[in-house]
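Residue numbers (my numbering): 2 to 455.
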Ligand SMILES: Cc1cc2nc3c(=O)[nH]c(=O)nc-3n(C[C@H](O)[C@H](O)[C@H](O)COP(=O)(O)OP(=O)(O)OC[C@H]3O[C@@H](n4cnc5c(N)ncnc54)[C@H](O)[C@@H]3O)c2cc1C
């Protein structure tokens with residue numbers, strides 16, 4: 002039995018996993034293909050490179066789920082978050098960093114660690130033996146992607162280009178929207194009421210199409226178009242093909258009756274489908290989009306019932322390799338068919354630098370515990386880390402599984418608090434208080450101290 006841990010990919014997740022394991026006396030080898038093999042988005046051979054924005058988003062650990070994740074990572078001695086704070090730039094409530102200084106420092110700290118070595122090479126096959134973490138991110142190299150796909154089945158590794166927005170259920174105006182499955186399909190009442198429907202009259206539909214056509218769109222990066230037209234066309238592209246296309250596609254009004262106006266047949270209907278077991282999040286069905294974020298917020302709020310919608314995630318398009326984790330991974334992010342391999346980071350179906358690093362943190366600790374023969378207590382579901390890992394390894398609907406940002410919709414409700422917008426501040430504070438207590442207890446219960454930041 003080897004006591005070495007191999008990590009493929011030295012991005013956000015791989016770097017954090019290596020740091021956590023190395024501080025638990027595990028010898029770690031990071032296999033990073035850059036700069037020998039490049040991706041279209043990375044620009045350097047550094048570890049922990051930020052491919053796009055230089056922001057780790059909100060640092061508010063009382064009212065924001067990503068800020069809470071920052072807090073938890075800090076308590077756990079996370080290298081990504083600690084280095085981000087070292088190289089922080091002024092950015093209001095956001096944690097923005099000097100990206101070059103940030104990744105240079107991550108690289109320096111990992112190279113300086115006596116338990117870490119870095120091998121610059123592309124890994125193209127799934128390893129048969131030893132302890133491995135695959136943290137190769139959304140731009141996993143083609144050869145390794147093929148090997149993963151072969152192991153997991155062709156439809157299980159999504160090369161997904163378009164994602165639809167996700168809305169907080171409690172921000173939808175149910176005095177305009179209603180619950181119904183098309184043609185009342187389903188054996189149980191729950192199934193017959195599985196969708197939230199938002200109706201449009203003709204004038205509202207025409208105005209919506211005009212806005213879609215006029216909205217600012219993101220252009221593709223070179224190399225990103227592969228697979229784009231395979232059945233997940235962005236709604237703007239559909240509307241460019243004809244003003245009626247959406248009304249005959251994702252916005253078709255058939256088989257639905259608006260209980261608020263039973264005698265009026267809607268001209269078009271936008272449907273939202275439940276996105277998590279808790280029923281706190283709904284995705285807009287068929288609304289994958291490449292509109293810019295600002296435009297999405299404006300255009301989607303034209304939909305009756307979504308005027309005050311809060312978005313847990315906006316839609317977007319880029320190449321994205323991720324596993325159908327709810328079916329393929331166990332609760333410790335091990336591949337069920339090959340438990341010597343863990344996955345971490347964006348490839349597990351989380352989205353964003355912070356979320357990816359957080360899953361790296363858990364994978365690093367889990368692998369280290371396993372190698373040392375230590376039982377790691379279960380990650381508490383009420384922490385932000387716990388809410389995320391629970392979502393990707395079981396809580397999410399496997400059929401509609403798409404990459405997910407951390408957000409309060411993933412948390413179990415706190416009983417006895419007011420719902421809706423008015424109660425939000427108290428609710429979020431209750432979530433973050435509960436999470437901090439659970440996370441601190443989890444850290445305390447581990448026999449080793451959290452690694453001290455250097
Ligand atoms: C174009 C684009 C823009 C994005 N913009 C943002 C943004 O603005 N904000 C945000 O929060 N998130 C953004 N993301 C998502 C972002 O990629 C992730 O948030 C984060 O970088 C993922 O962390 P990771 O560790 O899983 O993957 P990465 O950070 O991408 O790290 C994976 C590493 O694995 C290496 N690798 C891949 N295949 C192999 C192999 N076979 N062998 C060895 N090494 C390999 C890669 O070179 C890379 O270094 C963006 C993603 C893309 C693709």
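Glycine included, each C-beta is placed from N, C-alpha and C at the ideal position.
Beta-carbon separation (whole angstroms), residue 323 vs residue 290, contact threshold 8 Å: Contact flag wrong, Cβ pair sits at about 19 Å.
Distance cut-off 7 Å: residue 139 Cβ against heavy atoms of ligand 1: yes
Pair within 8 Å by beta-carbon distance, residue 273 and residue 196: yes
Neighbour-count burial assignment, residue 406, 16 or more Cβ in a 10 Å radius: Under this definition residue 406 is a buried residue.
Alpha-carbon to alpha-carbon, residue 25 and residue 230: In this prediction, residue 230 has a pLDDT of 39, which is less than 50 and means its spatial position is unreliable; what the coordinates show is noted afterwards. Roughly 46 Å separates the two Cα atoms.
Distance cut-off 7 Å: residue 154 Cβ against heavy atoms of ligand 1: no
CB contact flag (residue 123, residue 104, <8 Å): For residue 123 and residue 104, no; Cβs fall outside 8 Å.
Other residues of its chain near residue 206: CB distance less than 6 Å, five sequence neighbours each side excluded: So the qualifying residues of the chain are 268, 269.
Contacting residues, own chain, Cβ-Cβ under 8 Å from residue 223 (five flanking each side not counted): Low confidence applies to residue 223: its pLDDT is 46, below 50, so where it sits in the model is not reliable enough to give any reading.
Whether residue 81 touches residue 34 by CB criterion (8 Å): no
Proximity test, residue 69 beta-carbon vs ligand 1 heavy atom, cut-off 7 Å: no
Residue 59: CB within 7 Å of a non-hydrogen atom of ligand 3: By its list of ligands, the structure shown excludes ligand 3, since it contains just ligand 1.
Inter-residue Cα distance where the pair is residue 179 and residue 92: Roughly 40 Å separates the two Cα atoms.
Chain B within 8 Å of residue 371, Cβ atoms only: The chain labelled as chain B is not found in the depicted structure, where only one protein chain is given.
Option in 129, 170, 125 with minimal Cα separation from residue 420: Ranking 129, 170, 125 by CA distance to the CA of residue 420 puts 170 first.
Residue 237, buried or exposed, once every other Cβ within 10 Å from all chains shown has been counted against 16: buried
C-alpha distance - residue 109 paired with residue 416, whole-angstrom precision: 46 Å
Test item: CB-CB of residue 444 and residue 76 under 8 Å: yes
Distance cut-off 7 Å: residue 104 Cβ against heavy atoms of ligand 1: If you check the C-beta of residue 104 against ligand 1, you find no heavy atom less than 7 Å away.
Proximity test, residue 52 beta-carbon vs ligand 1 heavy atom, cut-off 7 Å: At least one heavy atom of ligand 1 lies less than 7 Å from the C-beta of residue 52.
Cβ-Cβ distance between residue 256 and residue 239 below 8 Å: no
Contact belief for residue 19 with residue 31 at Cβ below 8 Å, rounded distance in angstroms: 5 Å
Backbone CA spacing between residue 425 and residue 6 [nearest angstrom]: So the alpha carbons of these two residues sit roughly 43 Å apart.
Check: residue 219 C-beta below 7 Å from any heavy atom of ligand 1: For residue 219, the shortest C-beta to heavy atom distance toward ligand 1 is 7 Å or greater.
Cβ-heavy atom distance, residue 64 to ligand 1, below 7 Å: no
Simplified DSSP assignment, three categories, for residue 391: In this structure, residue 391 counts as helix in the three-state DSSP scheme.
Residue 150: first and last residue of the uninterrupted alpha helix (DSSP H) it sits in: 143-153
Euclidean distance between Cα positions of residue 345 and residue 15: 7 Å
Pairwise C-alpha distance: residue 393 and residue 341: 19 Å
Endpoints, the alpha helix (DSSP H) within which residue 13 is located: 13-23
Beta-carbon spacing of residue 90, residue 99 below 8 Å: Yes. Within cutoff.
Near ligand 1: residue 43 beta-carbon under 7 Å from a heavy atom: yes
Residue closest to residue 235, alpha-carbon to alpha-carbon, out of 259, 318, 428: The option with the nearest alpha carbon to residue 235 is 318.
Local conformation of residue 243 per DSSP, three classes: Reduced to three states, the DSSP call for residue 243 is coil.
Nonlocal neighbours in the same chain, by C-beta distance under 6 Å from residue 245, ignoring five residues either side: So the list is empty, once near-sequence residues are dropped.
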